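Down below is the structure, laid out as structure tokens.
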Amino acid sequence: MADCLFCSIVAGSTPAYLVLDTPEVVGFLDIRPVFKGHTLIVPREHVATMVELPDELTVPLFGTARSVAAAVRTAYGAQGSFVAVNNVVSQSVPHLHVHVVPRTKGDGLRGFFWPRTKYADDAEAAEYAGKLRDVLAG
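According to this note's numbering, the sequence shown is numbered sequentially starting from 1085.
The structure is reproduced here in structure tokens:
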């Protein structure tokens, strides 16, 4: 879809800190992370919400989200993760995306209030993307 930010990232037209790129899905750092390392997993195909997700993309999308949820523990020393999908309400980009947020006990995240942070600079964001890419590559 021409005016979709995430389709533009998938196509390589808009830069992003990629952590994975498969035939079905792409993962990249959220530019307004809840915590550093917050990753978005999107289907390559434009799908607006989870309701419209074709069956054949369900396993690639959510299997990848599961892999990223495991990898953030090693990549960032997280104790676990928060995995979420918004459908229409609170969905800032109308392209299905799974949030995988690294978590540690006492990190301050409470309920559904998602405070946002920033990377210090491009080098720090690239470092976080590289750590996760390395763990995912095995």
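The beta carbon of each residue, even a glycine, is placed where N, CA and C say it ideally should be.
Here the structure is a predicted model, which means the values were calculated and not measured.
_For a minimum of 3 consecutive residues, which ranges assigned as the beta strand (DSSP E) are wholly contained in the stretch 1140 to 1175?_
1164 to 1168
*Coarse secondary structure for isoleucine 1115, derived from DSSP in three states*: coil
_I'd like the span of the alpha helix (DSSP H) that includes leucine 1220, first residue to last._
1206 to 1221
*Close beta carbons around valine 1094, own chain, < 8 Å, minus the five adjacent residues each side*: Val1110, Val1126 and Arg1128
*Check the C-beta distance from threonine 1123 over to valine 1219 and give it rounded, since I have them as a contact under 8 Å.*
That pair is no contact at about 12 Å.
*Whole-Å CB distance - glycine 1121 paired with proline 1186, under 8 Å assumed*: 4 Å
_Nearest-angstrom Cα separation, counted from glutamine 1163 out to glycine 1190_ = 11 Å
*asked:* Given this structure, state the Cα-to-Cα distance separating aspartate 1139 from serine 1174, to the nearest angstrom.
replied: 24 Å
_Could you tell me the alpha carbon to alpha carbon distance between histidine 1183 and isoleucine 1115, rounded to whole angstroms?_
12 Å
*Starting from the C-beta of valine 1135, find all residues in its chain whose C-beta is less than 8 Å away, skip the five residues before and the five after it, and write them out in chain order.*
Asn1171
*Would you list the one or two residues that DSSP bridges to isoleucine 1125?*
Gly1111 and Val1182
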